[in-house]
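*Asks:*
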Amino acid sequence: MSEPRHHIAPEERLIVALDFASVGEARAVAHELSGTVRFFKIGLQLFPLGGIDLARELIARGERIFLDFKFYDIGNTVQNAVVSTATIGADFLTVHADRDVLRAAVAGRGTSDLKIFCVTVLTSQDQAALNEMGYPGSVEDLVLKRARIARDEGCDGLIASPAEAARLRAEFGDDMLIVTPGIRPAGSAQNDQKRVTTPAAALQAGADYLVVGRPITQARDKCAAAEMILDDMRAALEGVKGLRK
Ligand code: C5P
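Add 226 to the 1-based position in the sequence shown for the numbering used here, that's all there is to it.
1. Would you mind reading off the limits of the alpha helix (DSSP H) that contains R253?
2. Based on Cα-Cα distance, which residue from A389, R393, L384 lies nearest to M402?
3. In terms of residues, what are the limits of the beta strand (DSSP E) holding D294?
4. Using DSSP bridges, identify the partner residues of V196.
5. Taking the C-alpha atoms as reference points, what is the distance between V263 and P362?
6. If you draw a straight line from the C-alpha of S228 to the C-alpha of P407, how long is it?
7. Identify every residue that forms a DSSP beta bridge with I314.
8. Opposite C381 in the DSSP bridges: which residues?
9. Less than 7 Å separating the Cβ of G380 from some heavy atom of ligand 1?
10. Tell me the rounded alpha-carbon separation between D367 and L436.
11. Tell me which residue opens and which closes the beta strand (DSSP E) that V242 is part of.
12. Should the region 251-265 be regarded as contacting the region 411-431, the criterion being three or more beta carbon pairs within less than 8 Å?
13. Please report how far the alpha carbon of K471 lies from the alpha carbon of E464, in whole angstroms.
14. With a cut-off of 8 Å, do at least 3 Cβ pairs link the region 311-326 to the region 386-401?
15. Have a look at Q430 and S387 and give me their C-alpha separation to the nearest angstrom.
16. Cβ-heavy atom distance between D245 and ligand 1 below 7 Å?
17. Between V332 and the rest of its own chain, which residues show a CB-CB distance below 7 Å, the 5 nearest in sequence each way excluded?
18. Does the beta-carbon of A195 have 16 or more other beta-carbons within 10 angstroms, so that it is buried, or is it exposed?
19. What first and last residue would you give for the alpha helix (DSSP H) that runs through P285?
20. Are the region 234-245 and the region 265-278 touching by the rule of at least three beta carbon pairs closer than 8 Å?
21. When you compare only the Cα positions, how much space is there between V438 and R410?
22. Measure the beta-carbon distance from A452 to L240 and round it to whole angstroms, keeping in mind my assumption that it falls under 8 Å.
23. Would you mind working out which of G288, C344, G360 sits nearest V369, comparing C-alpha positions?
24. Rounding to the nearest angstrom, what Cα-Cα distance links F295 and I234 in this structure?
25. Hey, is G383 close to ligand 1, as in C-beta under 7 Å from one of its heavy atoms?
Spelled out as structure tokens, the structure:
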């Protein structure tokens, strides 16, 4: 790992996914975690239910927000959608990996602080699914190809599974931020995640930010669950710093 990425404090690297069926539940969990967690992800489930207003509300309270909206449309529409999104004051936004979409998203965020993250290949898509859609190569090659396009178009980062993070970090060095979901503290339930990694292992693989949902949001003591993960992250970051001395 190289120098600049260490300037992000561990508490800033943990993003809690607010995947709930109502804004009320999401708000309650965000408030409960406030002070321990500083970064929250709002996705498509909450979007039609007032997710944007919740994002504005949390930003006004000083929280950071990742809008996981995975935009994919013609360039003109994406650009206008990102111009609108940039007014909210969120930190991160996801779009799909298509050159026009990526270029439009970067143009749309303009001089705002909104960072654009590229979803390369959805982890729900395996080799057979890609072949069926007409992509002849491997999933890994497609991830890398799309990630290069994202970098060339001026994207800030990539959403990457723990399995992909190391290869992407090796390829891009500090050019791209890497956000990694699929995180499970040792001993916790996998839920529907197929391949999971501990917080420490994901950071060691090169992730800058970790997205964690249920291990925190479904825990009886949510702050304690988040603290345990932050401890694991701090230990891993110390270890990495130690290696560089
Ligand atoms: O509850 P859990 O920790 O599995 O939540 C992970 C979050 O990250 C969810 O919001 C999920 O949609 C998202 N995500 C994922 N795997 C991907 C991409 C996004 O789990 N490959």
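All residues carry an ideal CB built from backbone N, CA and C; glycine is no exception.
*Replies:* Result, derived from the coordinates:
1. Taking the sequence shown and counting its residues from 1, the one referred to as residue 253 is at position 27. Its alpha helix (DSSP H) spans residues 249-259.
2. What you label residue 402 is simply residue 176 of the sequence shown in a count that begins at 1. The shortest Cα separation from M402 among A389, R393, L384 belongs to L384.
3. Here residue 294 refers to the residue found at position 68 when the sequence shown is read from its first residue. Start and end: 290-297.
4. Look at the range of the chain in this structure, 227 to 471, and you will see that residue 196 is not part of it.
5. Here residue 263 refers to the residue found at position 37 of the sequence shown. Here residue 362 refers to the residue found at position 136 of the sequence shown. Cα to Cα, the separation comes out at about 42 Å.
6. Numbered from its first residue, the sequence shown carries residue 228 at position 2. Numbered from its first residue, the sequence shown carries residue 407 at position 181. Confidence at S228 is low in this model, with a pLDDT of 41, below 50, so its placement is unreliable and the value that follows should be read with caution. Each residue's alpha carbon lies about 22 Å from the other.
7. Locating residue 314 in the sequence shown gives position 88, where the first residue counts as 1. Paired residue(s): none; I314 is not in a bridge.
8. Working through the sequence shown from its first residue, we reach residue 381 at position 155. The partner list for C381 (beta bridge, DSSP) is empty, contrary to what the question assumes.
9. Indexing the sequence shown from 1 puts residue 380 at position 154. Because no heavy atom of ligand 1 lies under 7 Å away, the Cβ of G380 does not count as near it: no.
10. Taking the first residue of the sequence shown as position 1, residue 367 is located at position 141. Taking the first residue of the sequence shown as position 1, residue 436 is located at position 210. When rounded, the distance between both Cα atoms is 23 Å.
11. In the sequence shown, counting from the first residue as 1, residue 242 sits at position 16. Looking at the DSSP string, the run of the beta strand (DSSP E) that includes V242 is 240-243.
12. no
13. Looking up residue 471 in the sequence shown gives position 245. Looking up residue 464 in the sequence shown gives position 238. Any reading at K471 must be qualified, since the residue scores a pLDDT of 28, below 50, and its modelled position is unreliable; the value itself is stated next. Each residue's Cα considered, the two are about 11 Å apart.
14. no
15. Taking the first residue of the sequence shown as 1, we reach residue 430 at position 204. Taking the first residue of the sequence shown as 1, we reach residue 387 at position 161. Whole-angstrom Cα-Cα distance: 13 Å.
16. Stepping through the sequence shown from its first residue, residue 245 is reached at position 19. Yes - ligand 1 has a heavy atom lying nearer than 7 Å to the Cβ of D245.
17. Stepping through the sequence shown from its first residue, residue 332 is reached at position 106. Cβ neighbours of V332 beyond the five flanking positions: I342, E379, G380, C381.
18. With the chain represented from 227 up to 471, any question about residue 195 goes unanswered, as that position is not in the structure.
19. Counting from one through the sequence shown, the residue named residue 285 turns up at place 59. Note on residue identity: the sequence assigns Ile, not Pro, to residue 285. 277-286 is the extent of the alpha helix (DSSP H) around I285.
20. yes
21. In the sequence shown, the residue the question calls residue 438 occupies position 212. In the sequence shown, the residue the question calls residue 410 occupies position 184. C-alpha separation (whole angstroms): 8 Å.
22. Indexing the sequence shown from 1 puts residue 452 at position 226. Indexing the sequence shown from 1 puts residue 240 at position 14. Indeed they touch by this definition, with Cβ atoms about 7 Å apart.
23. In the sequence shown, residue 369 corresponds to position 143, counting from 1. Nearest option by C-alpha distance: C344.
24. As a position in the sequence shown, residue 295 is number 69, starting the count at 1. As a position in the sequence shown, residue 234 is number 8, starting the count at 1. Distance between the alpha carbons of F295 and I234: 24 Å.
25. As a first step, residue 383 is located in the sequence shown; it is residue number 157 there, counting from the start. Flag unset: Cβ of G383 not near ligand 1.
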